[in-house]
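Take any residue in the sequence shown, note its place counting from 1, add 16, and you have its number in the working numbering. As structure tokens, the structure follows; a few thoughts come after it.
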Amino acid sequence: MDKLFRLKLARNDAGGVLAYGAVFAALAAGATAFSVDYGRISVLRTQVQNRADAGAMAGAAQLDGKDGARARAQNIAMNAISERTGISAGSSDMSIFTPTFYASYGAVPIAAVGDDDAKFIEVKVTPKQVNFMFAPILRAISGSANSNSALVGARAVAGPNPFICHAPPMMLCNPAEEDPALDLDLAANFGRQIVLKEPESGGGPWTPGNFGLLSLPDGSSGAADIEAALAATTPDDCYTLDVTTAPGSKTNKVKNGINARFDMPGGLIPPAPNVINYPRDDDVITETAGRLGSGIWDIATYWAAKHEGAAVPVVLLGASRYQTYLYEQGLSYAHQGKETIYPVPDPLPAGFETVVPPPADIPVAVDPANSDDPNFDGVPVNVVATNGEARRLLKVAILNCISDGVNGKGTYPTTGNYVDIFVTETVQDPPNAAIYGEIVRPVTTISSPDFHANVRLVR
17 MDKLFRLKLA
27 RNDAGGVLAY
37 GAVFAALAAG
47 ATAFSVDYGR
57 ISVLRTQVQN
67 RADAGAMAGA
77 AQLDGKDGAR
87 ARAQNIAMNA
97 ISERTGISAG
107 SSDMSIFTPT
117 FYASYGAVPI
127 AAVGDDDAKF
137 IEVKVTPKQV
147 NFMFAPILRA
157 ISGSANSNSA
167 LVGARAVAGP
177 NPFICHAPPM
187 MLCNPAEEDP
197 ALDLDLAANF
207 GRQIVLKEPE
217 SGGGPWTPGN
227 FGLLSLPDGS
237 SGAADIEAAL
247 AATTPDDCYT
257 LDVTTAPGSK
267 TNKVKNGINA
277 RFDMPGGLIP
287 PAPNVINYPR
297 DDDVITETAG
307 RLGSGIWDIA
317 TYWAAKHEGA
327 AVPVVLLGAS
337 RYQTYLYEQG
347 LSYAHQGKET
357 IYPVPDPLPA
367 GFETVVPPPA
377 DIPVAVDPAN
387 SDDPNFDGVP
397 VNVVATNGEA
407 RRLLKVAILN
417 CISDGVNGKG
427 TYPTTGNYVD
437 IFVTETVQDP
447 PNAAIYGEIV
457 RPVTTISSPD
467 FHANVRLVR
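Below is the structure:
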């Protein structure tokens, strides 16, 4: 009897084990199905989000506030980056909807109305469908008839976050606000002279052609700090997208800071490798120029006076002052008209040609009494600045003084817009303490290693 009881009990135990085994097998199958399909969804979600992030960041780099910025950003975001997935049930391409642009992106985003105020780009990836490999098992476990697939989409928002390092604390009111033909990014304006004058005290917004001083990146705006930054070979710190103006007349500080490039007796140092003063544009001399000079200057008279009566080298006929400055130092450069690239790139852009000058021939004063005068002598006495020929280039921020109402102390956007200006002569004593410069080129990531066109994801 006891033996029979034990036999029945064993059979009952076996049945229980089988029941438990069946349950655990079902759970294991479900877990396997879930982990595999969830893993596929996770991979697809990562791929789709990466596509959105990459498109938004690529597009944001084009939002420079200039005409066509949104069109460029849209084209780059939609077409420049090609991503595919092997998980989606449909097309493997991960395409995006037409991007949306915003002037600001906070709790309540504000749509951009033009290229100039487009600061953020939103990219949405077309949702991709992923079919579950173990749909029957998931349906059996969940009891749902809808566990066949899932849709996976993504979106990202990015904006430009450029910064520029080693720039002096200077800004210029954009001449193009009055006349689009005076856009300093246009090659037609390279080589033209600009006279930077301080705005008159009081009154309304500053006008195109006025220049102003900026607070340093650390916020300081004292006269001594600004003078030191203007004189520095590589000013400390970096400016971001927005800059803060530093009002107040600091005429003598500006003069001292800029003239550090010219090896003036008793002045600040270090100088440029060539400190000669170059002639002004003809129409600037006659005071018939508008916001910009014509770019036409008397190189023939200059060359004869500074190079022992010699004729102007053929390659310098029609050259800019900056090109002449390089030539006198024996520095090769590439040019297309007055558009200049230094150092010479490899490969050379289409339409450019290289000028290879003879050894350096910097003007030397005939009369020793004029050896310290940049009007006659271009050879510095003190040790030359470590940045060499770039010592006489100023990276100047361009502000839209009219539309942004620039006046007094305030924080204003640059949209990453800077221009290289070649300082053509020393700054005179007040009341004639204007800065005479020549437009060289816009500052870009290609023309300057100090300009960084960073972007950032905000969503």
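Beta carbons: idealized from backbone N, C-alpha and C, even for Gly. As the structure is a computational prediction, the values presented were derived from the model and not from experiment.
Below 8 Å on the Cβ atoms is my contact criterion, and I expect P191 with C417 to pass it. Report the Cβ-Cβ distance as a whole number of Å.
Sequence index remark: in the sequence shown, residue 191 carries index 175 (1-based). Sequence index remark: in the sequence shown, residue 417 carries index 401 (1-based). Not really, about 10 Å apart at Cβ, beyond 8 Å.
If you compare alpha carbons, which of A68, I301, A276 and A76 is closest to D314?
Here residue 314 refers to the residue found at position 298 of the sequence shown. The option with the nearest alpha carbon to D314 is I301.
If contacts are defined as beta-carbon pairs under 8 Å, then S336 and G130 qualify, I think. What distance do you get, rounded to the angstrom?
Locating residue 336 in the sequence shown gives position 320, counting from the first residue. Locating residue 130 in the sequence shown gives position 114, counting from the first residue. Actually they are not in contact, since the Cβ atoms of S336 and G130 sit about 33 Å apart, beyond 8 Å.
Please say whether Y452 and V211 have beta carbons closer to each other than 8 Å?
Along the sequence shown, read from residue 1 onward, the residue named residue 211 stands at position 195. Along the sequence shown, read from residue 1 onward, the residue named residue 452 stands at position 436. Yes, they are a contact pair.
Could you check if D253 is buried or exposed, using at least 16 other CB atoms within 10 Å of its CB as the buried criterion?
Indexing the sequence shown from 1 puts residue 253 at position 237. So D253 ends up on the exposed side.
Applying the 10 Å Cβ sphere with the 16-neighbour rule, what's the burial state of I414?
The residue labelled residue 414 in the question sits at position 398 within the sequence shown. Flag for I414 reads buried.
Assigned secondary structure, D201 (DSSP; H/G/I helix, E/B strand, else coil)
Reading the sequence shown from its first residue, position 185 is the one you call residue 201. Correct three-state label for D201: coil.
Kindly indicate the opening and closing residues of the alpha helix (DSSP H) around L246.
The residue you call residue 246 lines up with position 230 of the sequence shown. Looking at the DSSP string, the run of the alpha helix (DSSP H) that includes L246 is A239 to A247.
Note down the Cα distance separating I437 from I455, rounded to an integer number of angstroms.
Position 421 of the sequence shown holds residue 437. Position 439 of the sequence shown holds residue 455. Approximately 5 Å, taken between the alpha carbons.
In whole angstroms, give me the CA-to-CA distance for A449 and V139.
The count along the sequence shown starts at 1 and reaches residue 449 at position 433. The count along the sequence shown starts at 1 and reaches residue 139 at position 123. The straight-line gap from Cα to Cα measures roughly 50 Å.
May I ask you to verify whether the segment 193-204 touches the segment 302-309, counting CB pairs closer than 8 Å and requiring at least 3?
A contact exists between the segment 193-204 and the segment 302-309.
Rounded to the nearest angstrom, what separates P329 and E405 at their Cα positions?
Residue numbering aside, residue 329 sits at position 313 when the sequence shown is read from its first letter. Residue numbering aside, residue 405 sits at position 389 when the sequence shown is read from its first letter. Distance between the alpha carbons of P329 and E405: 21 Å.
Nearest to A127 (by Cα), restricted to the options I112, I92 and R86
Your numbering for residue 127 matches position 111 in the sequence shown. Out of I112, I92 and R86, R86 has the C-alpha closest to the C-alpha of A127.
CA-CA distance, P115 and S231?
On the sequence shown, residue 115 is found 99 positions in, with the first residue counted as 1. On the sequence shown, residue 231 is found 215 positions in, with the first residue counted as 1. When the Cα atoms are used, P115 and S231 turn out to be separated by approximately 36 Å.
Using DSSP with H/G/I as helix, E/B as strand and the rest coil, what is Y324?
For this step, residue 324 is matched to residue 308 along the sequence shown. According to the sequence displayed, residue 324 carries Glu and not Tyr. Coil at E324, not helix or strand.
Could you give the C-beta distance for A350 and P361, rounded to a whole number, given that I count them as a contact under 8 Å?
Against the sequence shown, residue 350 aligns to sequence position 334. Against the sequence shown, residue 361 aligns to sequence position 345. About 7 Å; that satisfies the 8 Å criterion.
Within a Cβ cutoff of 7 Å, which residues of the same chain sit near L342, ignoring the five residues on either side of it in sequence?
As a position in the sequence shown, residue 342 is number 326, starting the count at 1. Here the set comprises Y349, Y358 and E405.
Going by alpha carbons, who is nearest to F392 out of T370, D420, K322 and G334?
Indexing the sequence shown from 1 puts residue 392 at position 376. Comparing Cα-Cα distances from F392 to each of T370, D420, K322 and G334, the minimum goes to K322.
C-alpha distance - V397 paired with N91, whole-angstrom precision
Against the sequence shown, residue 397 aligns to sequence position 381. Against the sequence shown, residue 91 aligns to sequence position 75. Approximately 53 Å, taken between the alpha carbons.
Three-pair Cβ contact test at 8 Å for the segment 241-253 versus the segment 418-434
no
Do R296 and R408 come within 8 Å of each other at the CB atom, strictly closer than that value?
Numbered from its first residue, the sequence shown carries residue 408 at position 392. Numbered from its first residue, the sequence shown carries residue 296 at position 280. No.
Cutoff 7 Å; reference T402; Cβ partners in own chain excluding five residues on either side
Here residue 402 refers to the residue found at position 386 when the sequence shown is read from its first residue. Only T249 meet the Cβ criterion.
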